[in-house]
Amino acid sequence: MTDLFENYGRLPFSLTKGQGVYLYDDKGNKYLDFTSGIGVMNLGYTFEKGKNAVKVQLDSLPHLSNLYQNPLQEEVAAKLSQNHKYKAFFCNSGTEANEAALKLTRLIKAGHKILAFTDGFHGRTFGAMSATMQEKIQAGFAPLLPDFVATPYNDVAALQQVVENEKIGAIIFEIVQGEGGVLPIRADFVQALKSCQQNGILLIVDEVQTGIGRTGNLFSFEHFGFEPDIFTVAKALANGLPTGAMLAKNHYAHYFSAGKHGSTFGGNPLAMACANQVLTAMDNDFLENITDKGNFFLNLLTEKLSVKSTVKRIRGLGLMIGIQLADEKKVPEVLALLRENGLLALSAGHDVIRLLPPLVMTKEELQKGAELLEKLL
Ligand SMILES: *Cc1c(COP(=O)(O)O)cnc(C)c1O
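For the sequence shown, the working numbering begins at 2 and goes up steadily by one.
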């Protein structure tokens, strides 16, 4: 018996404690965590600086309306702003960050269409869902928002064609499609997107899963030498406290004048106190170490798994890794086997095992994971 909607397909076990990069269930079993709570706990379950900052904030002021000055929001915004090139709007989730991006886009590009890519994922509210070009997510919810169009991801010719034929005002995309199957963007596709931007089309990068260090830079667009007009973050921003942000280039800020958009809890002091510590922790040394560990892990997995007939492809960026299986029906089975052997992983797309370890996982622990995958796949 449950009093909850059964919209999640929950696993029949309860995790009750997290420590470092390990989770414990109610029977005392220990799991090496390759999920990070779906890309949220990037600094693991024992991020003391964050926890302490939240405790201090809880004792002084747990909530503050956005009608008042908020120095903590200012600090976090400055750290997200890429040297004061972007202004921030705070909200509570990824989908809300994308709603803010879409609303801002409507104001900037009235009368234009928004392009999104097949198998991208941007969230579950109506705007973000309208940009999420996956049949299984949109099914039954029509009518969606008008004036969204889709073309295949990483397909330069299709992109050029739609831009020629439609009045596209903005393009929303991920640098690595997360939910869609851990599919990294191709360099030639980025090049084509940059030309769109040069022709006045806004680029909106959804960094909700790829951001906050996941791929080895604070934001994944930094790998590709361009500046989005707008980008969105959430998941790992406050290492477990609900928060999100939409950032747009300074010159778009005036479109969100007083009263144009808002959120009661957006930029909540508890979340901001933790986010501030998260972003302080993400210094250059920390980010370089992620790249080093990501390369180490991807090479190790490739070496151990690419010879296996059960594995089709291994791909990823930083510590965001996908193992595409030859037989998509095996995904739940593999996840269950891993779980029985003390490792938690995720699925993505229809045929991919997705690994999102906390960024603080050591090479030894990553190696332990790779060895278990080698044994079980
Ligand atoms: C998870 C995710 C979202 C939605 O975030 P919520 O906080 O669940 O609303 C949006 N975009 C991407 C890329 C995501 O991975």
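C-beta atoms are modelled at their ideal positions from N, C-alpha and C, and glycine is treated no differently.
Using the C-alpha atoms, what's the distance from residue j back to residue i?
{"i": "Gly380", "j": "Lys31", "result": "Within the shown structure, residues of the chain are numbered from 2 to 378, placing residue 380 beyond reach of any answer."}
{"i": "Asn166", "j": "Ile173", "result": "18 Å"}
{"i": "Asn200", "j": "Pro270", "result": "40 Å"}
{"i": "Cys92", "j": "Gly263", "result": "8 Å"}
{"i": "Val312", "j": "Leu374", "result": "11 Å"}
{"i": "Val335", "j": "His351", "result": "13 Å"}
{"i": "Asn67", "j": "Leu280", "result": "22 Å"}
{"i": "Leu108", "j": "Thr216", "result": "31 Å"}
{"i": "Ser1", "j": "Phe287", "result": "Within the shown structure, residues of the chain are numbered from 2 to 378, placing residue 1 beyond reach of any answer."}
{"i": "Ala158", "j": "Val164", "result": "10 Å"}
{"i": "Lys294", "j": "Ser221", "result": "16 Å"}
{"i": "Tyr25", "j": "Ser310", "result": "33 Å"}
{"i": "Met130", "j": "Val206", "result": "16 Å"}
{"i": "Ala193", "j": "Ile186", "result": "11 Å"}
{"i": "His64", "j": "Ala237", "result": "20 Å"}
{"i": "Gln162", "j": "Asp156", "result": "10 Å"}
{"i": "Leu367", "j": "Phe298", "result": "6 Å"}
{"i": "Ala78", "j": "Val308", "result": "46 Å"}
In the DSSP assignment, the beta strand (DSSP E) including residue i goes from what residue to what residue?
{"i": "Ala259", "result": "Run containing Ala259: none; DSSP gives neither H nor E here."}
{"i": "Ile34", "result": "According to the sequence provided, residue 34 is Asp. The question's Ile does not apply to it. Run containing Asp34: 31-34, per the beta strand (DSSP E) assignment."}
{"i": "Gln316", "result": "According to the sequence provided, residue 316 is Arg. The question's Gln does not apply to it. Where Arg316 is concerned, the enclosing beta strand (DSSP E) stretches over 312-318."}
{"i": "Arg355", "result": "353-356"}
What's the call for residue i, buried or exposed, on a 16-neighbour Cβ count within 10 Å?
{"i": "Gly112", "result": "exposed"}
{"i": "Gln74", "result": "buried"}
{"i": "Arg355", "result": "buried"}
{"i": "Lys330", "result": "exposed"}
{"i": "Thr106", "result": "buried"}
{"i": "Leu12", "result": "exposed"}
{"i": "Tyr69", "result": "exposed"}
{"i": "Phe142", "result": "exposed"}
Who pairs with residue i in a beta bridge, going by DSSP?
{"i": "Gln198", "result": "Its beta-bridge partners do not exist; DSSP assigns none."}
{"i": "Gln278", "result": "Paired residue(s): none; Gln278 is not in a bridge."}
{"i": "Thr152", "result": "Phe118"}
{"i": "Leu16", "result": "Asp26"}
{"i": "Ser348", "result": "Ile354"}
{"i": "Phe174", "result": "Val206"}
{"i": "Lys168", "result": "DSSP lists no partner for Lys168."}
{"i": "Tyr384", "result": "No answer is possible for residue 384: it lies beyond the span of the chain, which begins at 2 and ends at 378."}
So residue i is in the alpha helix (DSSP H); what residue range does that whole segment cover?
{"i": "Ala140", "result": "Premise fails: Ala140 is in no alpha helix (DSSP H) and is neither H nor E."}
{"i": "Gln325", "result": "Taken as a continuous stretch (DSSP letters only), Gln325 belongs to no alpha helix (DSSP H), being part of the beta strand (DSSP E) at 321-326."}
{"i": "Asp60", "result": "49-61"}
{"i": "Lys104", "result": "95-109"}
{"i": "Ala79", "result": "72-81"}
{"i": "Phe297", "result": "285-306"}
Is residue i close to ligand 3? I mean its beta-carbon at under 7 Å from any heavy atom of the ligand.
{"i": "Asp230", "result": "With respect to ligand 3, the structure shown offers nothing to examine, as its ligands consist of ligand 1."}
Within 8 Å of any Cβ in chain B, is that where the Cβ of residue i sits?
{"i": "Ala98", "result": "The structure shown contains no chain B; it holds only a single protein chain."}
| task | Report the residue ranges of all beta strand (DSSP E) runs contained in full by the segment 215-267; include only those spanning at least 3 residues, in chain order. | result | 231-234, 245-250
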